[in-house]
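S.K.: In terms of this note's numbering, the sequence shown opens at residue 145 and continues consecutively.
The beta-carbon is built from N, C-alpha and C at its ideal position, and this holds for glycine as well.
Bear in mind that the values here come from a model prediction, so they are computed numbers and not experimental data.
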Amino acid sequence: MSTQESPIGLGGRPPETVLPGAPAVADQRLAAALGEPAGRRRDAVADVVAAFPTFLLGWAELGALARDDVEAYACYRVGYHRGLDALRGAGWRGSGYVRWEHPANRGFLRCVEGLGHAAAAIGESAEEERCSLFLAQLDPAGRPPDA
């Protein structure tokens, strides 16, 4: 490859990070847990998260199934911080895109989004604003309306 063909990274676009995918067994167990009857679903998802504590989509689903706003906030907050760890491990250095179009990024993005909503629900408006701004920076296109 000639030097003219290889990118040198001086373009005007921020770098893009794609998180590694979850283990297939985590996805399978989460799908099964989400298929449980409503009365058992939250506990089934909690079991998946306990078995796979870095599984971001699991944290996002657990936040969505939370029994109250404080529990939702806590679940999304853990997923958010686990996601930041995963992003750093994937080469992210505090800026750049983390787009919804990549399925492996969706658990983290859902945790950021959920954290913002949960923050609003408990009256933490500064955190709600930070999450909203962060999402816009990570993926200016945002989540598609049908996703």
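Under 8 Å: do the stretch 225 to 241 and the stretch 176 to 185 share three or more Cβ pairs, one atom per stretch?
M.R.: No, because fewer than three Cβ pairs between the stretch 225 to 241 and the stretch 176 to 185 fall closer than 8 Å, the two stretches do not touch.
S.K.: How far does the alpha helix (DSSP H) with glutamate 257 in it reach, from first residue to last?
M.R.: 250 to 265
S.K.: To the nearest angstrom, report how far apart leucine 259 and glycine 183 are at their CA atoms.
M.R.: 24 Å
S.K.: By a C-beta neighbour count over all protein chains shown, 10 Å radius and 16 as the cutoff for buried, is arginine 250 buried or exposed?
M.R.: buried
S.K.: Exposed or buried, valine 169, counting other C-beta atoms within 10 Å across all chains shown (16 or more means buried)?
M.R.: exposed
S.K.: Using a 10 Å radius around the Cβ and a threshold of 16 neighbouring Cβ atoms, would you call arginine 226 buried or exposed?
M.R.: buried
S.K.: From the DSSP output, in three-state form, read off glutamate 160 for me.
M.R.: The answer is strand: DSSP assigns glutamate 160 an E or B state.
S.K.: In whole angstroms, what is the alpha-carbon distance linking aspartate 171 and alanine 270?
M.R.: 33 Å
S.K.: Which class does proline 284 belong to by DSSP, given the choice of helix, strand or coil?
M.R.: Proline 284: coil per DSSP, three-state reduction.
S.K.: Based on Cα-Cα distance, which residue from Arg186, Ala188 and Pro167 lies nearest to leucine 200?
M.R.: It is Pro167 whose Cα lies nearest to the Cα of leucine 200.
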